[in-house]
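Asker: Dropping the structure in here first, questions after.
Protein chains: 2
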Amino acid sequence: MTVAQLAEGISKGKRRHLAKAITLIESSREEDQQKAAELLSALPKRNDTLRLGISGVPGVGKSTFIEAFGNLLIEQGHRVAVLAVDPSSPTTGGSILGDKTRMELLSGKEEAFIRPSPTAGTLGGVAKKTRESIQLCEAAGYDIVLVETVGVGQSEFEVASMVDCFMVLMLPGAGDSLQGIKRGILEITDVMVINKADGDQKKLAEMAKSEYKNAFHMLAPKYPGMEVAILTISALQKEGIAEVWEAVNQFKEHLTSNNLFDKNRNKQDLNWFKRLVEDEVLHRIWNQASTQQMVSDLKDDMLSGKISATEAARRLMDEIG
Amino acid sequence: MTVAQLAEGISKGKRRHLAKAITLIESSREEDQQKAAELLSALPKRNDTLRLGISGVPGVGKSTFIEAFGNLLIEQGHRVAVLAVDPSSPTTGGSILGDKTRMELLSGKEEAFIRPSPTAGTLGGVAKKTRESIQLCEAAGYDIVLVETVGVGQSEFEVASMVDCFMVLMLPGAGDSLQGIKRGILEITDVMVINKADGDQKKLAEMAKSEYKNAFHMLAPKYPGMEVAILTISALQKEGIAEVWEAVNQFKEHLTSNNLFDKNRNKQDLNWFKRLVEDEVLHRIWNQASTQQMVSDLKDDMLSGKISATEAARRLMDEIG
């Protein structure tokens, strides 16, 4: 299939073309990369969509939530794509995210497109593919893109930097549950959802809600004048799902009415461009064969106290030229 | 004075030579920079010292605390240097940090060396000078170096990355006082000191202590098995100063007995080397005249949706070669 054919198919919302295009993006072949870049440039950029990150530790019920949430969105007339960033998949050999068998109802619908996490590559590589896949899904007419991730390493921060709204799913449980919260995670959270608030756990969920509320109050707000919504739900019993959607909409409304929605996306694009360039440049610096030995010697001299870090840096820069 | 003369004077603990050497480090003249680099390489690296960062918002009583704390250290036989990182000094035209008139007793002592913040330069530049000045002070026989900073911008994070122990001074006051705590500040804190716990404020200070304690419990500990000590003191009335020193020593003991003291310093050195190189490389990339126009055009094309961030990065890398 040519790039033009792919672009046309995607513009018409053809699922097969979209899937093929994402495969192109996920390919590491230089030729495919070239085609993928052309395709992305040929497709329109849409700002009338919503990109929603959904994060949470394994077992929190992400798939169950996305199944219920996605179906609600479709009932309301939306078209929903589900993508995933899973840094654990390269090591475990397979991603559990975006698993269609776990989203039975959703995956059967014409208005939903579910794509599991790319199964190989570094987090940066996976993130790159997901970023570009978002654009493809939007071009194919999916106006809501859910990007799922697990609470591993830096993955939430990657996802937060590519979505309009970042939602964190939590388990009920107060006090101790707050210990060991990942550093910085509260600071990037736009909407917090405490799942499994059913049966015996209802009370625990309410306690957790109150503790998280206090925790948020200790932080400078991400957006002035906007409190982070904290909701207790039961994805399994489909309770509270509509309220989550309402909270997301209120959040979006706050962004839009403060001219932050487009501004955020532009900032994300520029940051991403900058990061791509800087990552590549720094990768070259630290991996060029010609300076590897020198860097290693400089480090030894520095740690033994022979030269200062400043002097070591000066010598390396002289060599790089 | 030659580099050799400076090095000899510093090794003998001569204050005049130390002051001259720091002036050399603070100079932006290429010739001085060259001499400073030689000097640093000529001086020994000491691991038997303690580098202590002291941070806090203006008005928290840093100078009063350092005056009392420094004198206590000297009474115990230490030699104390006070340096400062103040990112606000370039704009306000003068630093209030390390102000000798505010540390009257301390500044009169032979065993103390106080150097105000460099008065010009970017935060990165000021931090570089301070890092190198630490080494000079240590070589001159000051076994405790206090690095003072205000709670502005990234300055605490800079200071935390160059000291063995990072202390934060806080004002009394509970509840609301926690709001607006700077992002990430708790996560880099090793010892917390609530100052002005005297008179009416004693009770408030105790409440703040209990709230901060809860806040720390919500975070993964910086060092496993080590709780952050929180002390209430009155620097003005010299109450609790010895307890602060005890807490710092306990912290140091924890690091030492876990082989983390030297490990941290080595890590700091390597990180600093890496950062110096990367800052310089990236500065060159974004500031070379030959690509400025191209970068600007690429950004426009990206924001208008003509090309993707990936494509923009690819084109720039092609140009850089």
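Protein sequence lines, in the order shown, are assigned to chains A and B.
Under our numbering, the first residue of the first sequence is numbered -4, with each subsequent residue one higher.
Under our numbering, the first residue of the second sequence is numbered -4, with each subsequent residue one higher.
Where is the CB? At the ideal position from N, CA and C, for every residue including glycine.
Here the structure is a predicted model, which is why all the values come from computation and not from measurement.
Chain B partners of tryptophan 240 of chain A, CB-CB under 9 Å?
Answerer: What tryptophan 240 of chain A touches in chain B: nothing, since even the nearest Cβ is about 28 Å away.
Asker: Is any heavy atom in the ligand SAH found nearer than 8 Å to the beta carbon of arginine 279 of chain A?
Answerer: Annotation note on the ligand SAH: not contained in the displayed structure, which lists no ligands.
Asker: Identify which residue in A/Ile61, A/Arg97, A/Val121, A/Glu70 has its Cα closest to the Cα of serine 22 of chain A.
Answerer: Selected option, being the one with the closest Cα: A/Val121.
Asker: Since I believe glutamate 314 of chain B is in contact with methionine 289 of chain B (beta carbons under 8 Å), could you give me their beta-carbon distance rounded to a whole number of angstroms?
Answerer: The Cβ separation is near 6 Å, so the contact holds.
Asker: Round the Cβ separation of aspartate 185 of chain B and phenylalanine 256 of chain B to the nearest angstrom and send it over; I've been treating them as touching at under 8 Å.
Answerer: Rounded, the Cβ-Cβ distance is 12 Å, inconsistent with contact.
Asker: Measure the CB-CB distance between serine 299 of chain B and alanine 32 of chain A and report whether it falls below 9 Å.
Answerer: No, these two residues do not count as a Cβ contact at 9 Å.
Asker: One question on the structure: do valine 163 of chain B and glycine 56 of chain B come within less than 9 Å of each other, judged by their Cβ atoms?
Answerer: In this structure, glycine 56 of chain B does not lie closer than 9 Å to valine 163 of chain B by Cβ.
Asker: Kindly give me the distance between the Cβ atoms of aspartate 43 of chain A and aspartate 138 of chain A, rounded to whole angstroms, as I take these residues to be in contact under 8 Å.
Answerer: About 7 Å separates the two Cβ atoms, so the contact holds.
Asker: Identify each residue in the segment 264 to 287 of chain B for which the Cβ-Cβ distance to at least one residue of chain D is less than 7 Å, and report them in chain order.
Answerer: The structure shown contains no chain D; its protein chains are A and B.
Asker: Suppose contacts are defined by Cβ-Cβ distances below 9 Å. Is lysine 104 of chain A in contact with isoleucine 20 of chain A by that definition?
Answerer: Not closer than 9 Å, so no.
Asker: Return the CA-CA distance between tyrosine 207 of chain A and glutamate 222 of chain B, expressed in angstroms with no decimal places.
Answerer: If you take the alpha carbons of tyrosine 207 of chain A and glutamate 222 of chain B, they lie about 22 Å apart.
Asker: Kindly indicate if chain B contains any beta-carbon less than 9 Å away from that of methionine 98 of chain A.
Answerer: Not one chain B Cβ lies under 9 Å of methionine 98 of chain A.
Asker: With leucine 45 of chain A as the anchor, note down where its alpha helix (DSSP H) starts and where it stops.
Answerer: Run containing leucine 45 of chain A: none in the alpha helix (DSSP H); it sits in the beta strand (DSSP E), 45 to 51.
Asker: Taking the Cβ atom as the reference point for each residue, do valine 243 of chain A and leucine 45 of chain A lie within a distance shorter than 9 Å?
Answerer: Yes, they are a contact pair.
Asker: Going by beta carbon distance, what residues of the same chain come within less than 7 Å of valine 75 of chain B, once the five residues before and after it are set aside?
Answerer: Only Gly65, Leu68, Ile69, Glu106, Ala107, Tyr137, Ile139, Leu141 meet the Cβ criterion.
Asker: Do leucine 181 of chain A and leucine 13 of chain A have their CB atoms nearer than 9 Å?
Answerer: No, these two residues do not count as a Cβ contact at 9 Å.
Asker: Have a look at A/Glu25, A/Ser291, A/Met(-4), A/Glu26 and flag the residue whose alpha-carbon is nearest the alpha-carbon of glutamate 15 of chain A.
Answerer: The identity of residue 15 of chain A in the sequence shown is lysine, whereas the question assumes glutamate. Answer by Cα proximity: A/Met(-4).
Asker: With 16 as the cutoff for other CB atoms within 10 Å, does proline 113 of chain A come out buried or exposed?
Answerer: Buried, because 16 or more other Cβ atoms sit within 10 Å of the Cβ of proline 113 of chain A.
Asker: Per DSSP, phenylalanine 268 of chain B is paired with what?
Answerer: Partner(s): none; phenylalanine 268 of chain B has no beta bridge.
Asker: What residue from B/Cys160, B/Arg110, B/Arg126, B/Met165 has the CA that sits closest to leucine 250 of chain B's CA?
Answerer: Checked all of B/Cys160, B/Arg110, B/Arg126, B/Met165; the closest Cα to leucine 250 of chain B is B/Cys160.
Asker: Along chain B, in chain order, which residues have C-beta atoms closer than 9 Å to that of glycine 317 of chain A?
Answerer: The first residue shown for chain A is -4 and the last is 316, placing residue 317 of chain A beyond what the model contains.
Asker: Along chain B, in chain order, which residues have C-beta atoms closer than 7 Å to that of glycine 235 of chain A?
Answerer: Under the 7 Å cutoff, chain B gives no residues; its nearest Cβ is about 25 Å from glycine 235 of chain A.
Asker: If we ignore side chains and look at the alpha-carbon of each, how far apart do proline 111 of chain A and methionine 213 of chain A end up?
Answerer: Between proline 111 of chain A and methionine 213 of chain A, the C-alpha separation is close to 36 Å.
Asker: For a test of the three-state rule: what should DSSP assign to valine 140 of chain B, helix, strand or coil?
Answerer: Residue state, collapsed to three classes: strand.
Asker: Taking the alpha carbon of glycine 54 of chain A as the point to measure from, which residue in A/Arg97, A/Glu26, A/Leu35, A/Gln28 has its own alpha carbon closest?
Answerer: Measuring from the Cα of glycine 54 of chain A, the nearest candidate turns out to be A/Arg97.
Asker: Looking at the unbroken beta strand (DSSP E) that takes in alanine 76 of chain A, where does it start and where does it end?
Answerer: Residues 75 to 80.
Asker: Output, in chain order, the set of chain A residues within a Cβ distance shorter than 8 Å of leucine 78 of chain B.
Answerer: Going along chain A, no residue has its Cβ under 8 Å from leucine 78 of chain B, so there is no contact; the nearest lies around 16 Å.
Asker: How many angstroms separate the CA atom of alanine 79 of chain B from the CA atom of valine 158 of chain A?
Answerer: Straight-line Cα distance between these residues: approximately 40 Å.
Asker: Is there contact here, the segment 257 to 277 of chain B with the segment 218 to 232 of chain B, by at least three beta-carbon pairs under 8 Å?
Answerer: Result no; under three Cβ-Cβ pairs closer than 8 Å.
Asker: Since valine 186 of chain B sits in a beta bridge, which residues does DSSP pair it with?
Answerer: For valine 186 of chain B, which the question treats as bridged, DSSP gives the partners B/Met162, B/Ala224.
Asker: What would DSSP say about serine 229 of chain B, mapped onto helix, strand or coil?
Answerer: Residue state, collapsed to three classes: strand.
Asker: Cβ atoms of serine 128 of chain A and isoleucine 236 of chain A: under 9 Å apart, would you say?
Answerer: No. Outside cutoff.
Asker: Assuming isoleucine 180 of chain B is part of the beta strand (DSSP E), what are its boundary residues?
Answerer: Neither: isoleucine 180 of chain B is in no beta strand (DSSP E) and is coded neither H nor E.
Asker: Tell me whether the beta-carbon of glutamate 234 of chain B lies closer than 9 Å to the beta-carbon of alanine 200 of chain B.
Answerer: It is not a contact, given that the beta carbons lie outside the stated cut-off.
Asker: Answer yes or no: does any C-beta atom of chain A fall closer than 9 Å to that of leucine 35 of chain B?
Answerer: Closer than 9 Å to some Cβ of chain A, the Cβ of leucine 35 of chain B qualifies, so yes.
Asker: Check whether the Cβ of leucine 13 of chain B lies closer than 9 Å to any Cβ atom in chain A.
Answerer: Judged by the 9 Å Cβ criterion, leucine 13 of chain B is not in contact with chain A.
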